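Here the sequence shown is numbered in the UniProt record's numbering, starting from 1 and rising by one per residue.
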Amino acid sequence: MGSEHSVITDRVSNLSYRLMTLTFKIIDFFFPPEKPLEEFGLKPGLTVMDYGCGPGRHLKAASQLVGPTGKVYAVDIHDLAIQAVTELIEKEQLNNVEPVLVHGYTTPLPAASIDLLYALDMFHGVHDPDRLQQEWHRLVKPGGTLILEDGHQSRAKTRESLRRAGVFEIQDEQKQYVRCRPVKSTNN
(Lines of atoms letter the chains of each structure in order from A and count residues from 1; the text may use other names and numbers.)
(Lines give C-alpha, C1' and ligand atoms only; values in the text may rest on other atoms or scores of the structure.)
Protein backbone atom coordinates (compact mmCIF):
# COMPACT_ATOMS: atom_id res chain seq x y z
CA MET A 1 0.00 0.00 0.00
CA GLY A 2 2.91 2.38 0.65
CA SER A 3 4.01 2.44 -2.99
CA GLU A 4 0.42 2.98 -4.16
CA HIS A 5 0.21 6.05 -1.92
CA SER A 6 3.40 7.43 -3.51
CA VAL A 7 1.98 6.99 -6.99
CA ILE A 8 -1.27 8.76 -6.18
CA THR A 9 0.35 11.80 -4.53
CA ASP A 10 2.76 12.42 -7.42
CA ARG A 11 0.02 12.69 -10.06
CA VAL A 12 -1.86 15.98 -10.27
CA SER A 13 -5.60 16.13 -10.95
CA ASN A 14 -6.87 16.53 -14.50
CA LEU A 15 -7.94 20.12 -13.75
CA SER A 16 -4.52 20.99 -12.31
CA TYR A 17 -2.86 19.43 -15.34
CA ARG A 18 -5.01 21.50 -17.73
CA LEU A 19 -4.27 24.72 -15.80
CA MET A 20 -0.56 23.90 -15.85
CA THR A 21 -0.71 23.37 -19.62
CA LEU A 22 -2.38 26.77 -20.12
CA THR A 23 0.26 28.42 -17.94
CA PHE A 24 3.05 26.82 -20.01
CA LYS A 25 1.50 28.14 -23.25
CA ILE A 26 1.57 31.67 -21.86
CA ILE A 27 5.15 31.33 -20.59
CA ASP A 28 6.34 29.80 -23.87
CA PHE A 29 4.91 32.75 -25.81
CA PHE A 30 7.40 35.04 -24.04
CA PHE A 31 10.26 32.61 -23.37
CA PRO A 32 10.91 30.09 -26.18
CA PRO A 33 11.29 26.59 -24.70
CA GLU A 34 14.17 25.57 -26.99
CA LYS A 35 16.69 27.97 -25.44
CA PRO A 36 17.47 25.93 -22.30
CA LEU A 37 17.82 22.72 -24.32
CA GLU A 38 20.66 24.23 -26.32
CA GLU A 39 22.44 25.01 -23.04
CA PHE A 40 21.96 21.43 -21.82
CA GLY A 41 24.11 20.05 -24.64
CA LEU A 42 21.58 18.18 -26.77
CA LYS A 43 23.25 17.21 -30.03
CA PRO A 44 22.71 14.83 -32.95
CA GLY A 45 22.68 11.14 -32.10
CA LEU A 46 21.99 11.43 -28.38
CA THR A 47 19.32 9.43 -26.59
CA VAL A 48 17.50 11.92 -24.39
CA MET A 49 14.72 11.67 -21.82
CA ASP A 50 12.32 14.49 -20.99
CA TYR A 51 11.16 13.23 -17.59
CA GLY A 52 7.92 14.87 -16.48
CA CYS A 53 7.38 16.11 -20.03
CA GLY A 54 3.85 17.37 -19.38
CA PRO A 55 2.22 18.54 -22.62
CA GLY A 56 5.54 18.28 -24.48
CA ARG A 57 6.59 21.89 -24.58
CA HIS A 58 10.29 21.00 -25.12
CA LEU A 59 9.85 17.99 -27.40
CA LYS A 60 9.92 19.65 -30.81
CA ALA A 61 13.20 21.41 -30.00
CA ALA A 62 14.67 18.25 -28.44
CA SER A 63 13.67 16.22 -31.50
CA GLN A 64 15.36 18.70 -33.82
CA LEU A 65 18.52 18.95 -31.70
CA VAL A 66 19.13 15.17 -31.51
CA GLY A 67 18.17 14.75 -35.17
CA PRO A 68 17.10 11.61 -37.01
CA THR A 69 19.91 9.54 -35.49
CA GLY A 70 18.88 10.50 -31.95
CA LYS A 71 15.95 9.50 -29.78
CA VAL A 72 13.78 11.41 -27.31
CA TYR A 73 11.70 9.64 -24.68
CA ALA A 74 8.81 11.78 -23.43
CA VAL A 75 8.04 10.41 -19.97
CA ASP A 76 5.18 11.39 -17.69
CA ILE A 77 3.00 9.93 -14.95
CA HIS A 78 -0.17 11.60 -16.27
CA ASP A 79 -2.22 10.02 -19.05
CA LEU A 80 -3.34 13.46 -20.30
CA ALA A 81 0.32 14.38 -20.81
CA ILE A 82 0.95 11.26 -22.85
CA GLN A 83 -2.20 11.94 -24.87
CA ALA A 84 -1.00 15.51 -25.61
CA VAL A 85 2.48 14.27 -26.51
CA THR A 86 1.09 11.60 -28.84
CA GLU A 87 -0.96 14.27 -30.64
CA LEU A 88 2.10 16.54 -30.86
CA ILE A 89 4.22 13.73 -32.31
CA GLU A 90 1.64 13.13 -35.03
CA LYS A 91 1.04 16.82 -35.77
CA GLU A 92 4.73 17.77 -35.95
CA GLN A 93 5.91 14.39 -37.36
CA LEU A 94 8.42 13.91 -34.56
CA ASN A 95 9.49 10.44 -35.66
CA ASN A 96 12.31 10.21 -33.11
CA VAL A 97 10.07 10.92 -30.08
CA GLU A 98 8.44 8.11 -28.10
CA PRO A 99 5.87 8.73 -25.35
CA VAL A 100 6.25 6.66 -22.18
CA LEU A 101 3.59 6.52 -19.45
CA VAL A 102 5.10 5.58 -16.09
CA HIS A 103 3.38 4.18 -13.04
CA GLY A 104 5.18 5.08 -9.85
CA TYR A 105 8.95 5.20 -10.12
CA THR A 106 9.58 2.44 -12.65
CA THR A 107 10.31 3.35 -16.26
CA PRO A 108 9.92 0.54 -18.82
CA LEU A 109 13.28 1.16 -20.51
CA PRO A 110 16.60 -0.68 -20.29
CA ALA A 111 19.29 0.32 -17.81
CA ALA A 112 22.04 2.66 -19.02
CA SER A 113 20.07 3.65 -22.13
CA ILE A 114 19.95 7.45 -21.72
CA ASP A 115 22.75 9.91 -22.56
CA LEU A 116 21.01 12.94 -21.10
CA LEU A 117 17.95 13.08 -18.85
CA TYR A 118 16.35 16.41 -18.09
CA ALA A 119 13.63 17.00 -15.50
CA LEU A 120 12.19 20.50 -15.64
CA ASP A 121 9.71 22.09 -13.25
CA MET A 122 8.61 18.80 -11.70
CA PHE A 123 11.05 17.70 -8.98
CA HIS A 124 9.39 19.80 -6.26
CA GLY A 125 6.21 17.70 -6.63
CA VAL A 126 7.82 14.28 -6.23
CA HIS A 127 6.76 12.40 -3.10
CA ASP A 128 9.84 10.13 -2.90
CA PRO A 129 12.77 11.93 -4.59
CA ASP A 130 15.33 9.34 -3.42
CA ARG A 131 13.46 6.56 -5.17
CA LEU A 132 13.05 8.61 -8.34
CA GLN A 133 16.76 9.47 -8.40
CA GLN A 134 17.61 5.78 -8.05
CA GLU A 135 15.49 5.10 -11.13
CA TRP A 136 17.16 7.94 -13.02
CA HIS A 137 20.54 6.51 -12.02
CA ARG A 138 19.49 3.15 -13.47
CA LEU A 139 18.51 4.82 -16.77
CA VAL A 140 21.41 7.24 -17.30
CA LYS A 141 24.54 5.81 -18.90
CA PRO A 142 27.80 5.96 -16.94
CA GLY A 143 29.26 9.33 -17.90
CA GLY A 144 25.78 10.55 -18.89
CA THR A 145 24.09 13.69 -17.66
CA LEU A 146 21.14 14.62 -15.45
CA ILE A 147 19.80 18.16 -15.78
CA LEU A 148 17.60 18.90 -12.78
CA GLU A 149 15.66 22.15 -12.52
CA ASP A 150 14.84 23.36 -9.03
CA GLY A 151 11.27 24.17 -10.01
CA HIS A 152 9.29 25.53 -7.07
CA GLN A 153 11.85 24.68 -4.41
CA SER A 154 15.08 26.24 -3.23
CA ARG A 155 18.47 25.24 -4.61
CA ALA A 156 19.41 24.20 -1.08
CA LYS A 157 16.56 21.67 -1.09
CA THR A 158 17.62 20.35 -4.51
CA ARG A 159 21.22 19.96 -3.30
CA GLU A 160 20.10 18.22 -0.10
CA SER A 161 17.92 15.79 -2.04
CA LEU A 162 20.80 14.92 -4.38
CA ARG A 163 23.19 14.49 -1.43
CA ARG A 164 20.74 12.28 0.48
CA ALA A 165 20.05 9.96 -2.47
CA GLY A 166 23.77 9.73 -3.20
CA VAL A 167 23.45 8.55 -6.81
CA PHE A 168 24.28 11.80 -8.64
CA GLU A 169 26.91 14.45 -8.01
CA ILE A 170 26.58 18.06 -9.07
CA GLN A 171 29.05 19.03 -11.79
CA ASP A 172 27.80 22.54 -12.51
CA GLU A 173 25.18 24.95 -11.20
CA GLN A 174 23.28 27.44 -13.30
CA LYS A 175 20.59 29.87 -12.17
CA GLN A 176 17.67 27.53 -12.95
CA TYR A 177 19.21 24.05 -12.83
CA VAL A 178 22.05 21.77 -11.79
CA ARG A 179 24.02 19.53 -14.14
CA CYS A 180 24.85 16.18 -12.55
CA ARG A 181 26.78 13.02 -13.33
CA PRO A 182 25.86 9.58 -12.03
CA VAL A 183 27.95 8.26 -9.17
CA LYS A 184 29.40 4.84 -9.90
CA SER A 185 27.26 2.12 -8.43
CA THR A 186 28.82 -0.14 -5.82
CA ASN A 187 26.58 -2.97 -7.08
CA ASN A 188 28.43 -3.31 -10.42
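The beta carbon of each residue, even a glycine, is placed where N, CA and C say it ideally should be. On a predicted model such as this, the values are computed, not experimentally measured, just so you know.
CA-to-CA distance, residue j to residue i, given in whole angstroms
i    : j    : result
A165 : E98  : 28 Å
H78  : V85  : 11 Å
S113 : H137 : 11 Å
S16  : G54  : 12 Å
I82  : K184 : 32 Å
A111 : D128 : 20 Å
S13  : L101 : 16 Å
Q133 : L94  : 28 Å
T106 : D76  : 11 Å
Reference residue i, options the options, closest by Cα
i           : options                : result
D150        : R131, E173, K141, F168 : E173
D130        : D115, T158, A84        : T158
L46         : E87, V178, S161, Y118  : Y118
residue 201 : L65, P182, M49, K175   : The shown model of the chain, from 1 to 188, leaves out residue 201, and the question about it has no answer.
Below-8 Å beta-carbon distance, residue i vs any chain B residue
i   : result
K71 : Within the model displayed, chain B is absent; a lone protein chain is all it includes.
Beta-carbon proximity of residue i to residue j, cut-off 8 Å
i    : j   : result
A61  : L37 : yes
N96  : G70 : yes
M122 : G52 : yes
Three-way DSSP call (helix, strand, coil) for residue i in this model
i    : result
R57  : coil
Q93  : coil
G125 : helix
I102 : Here residue 102 turns out to be Val, not Ile, going by the sequence shown. Coil, per DSSP.
V85  : helix
Distance between beta carbons of residue j and residue i, contact taken as under 8 Å
i    : j    : result
D115 : K141 : 6 Å
C180 : L146 : 4 Å
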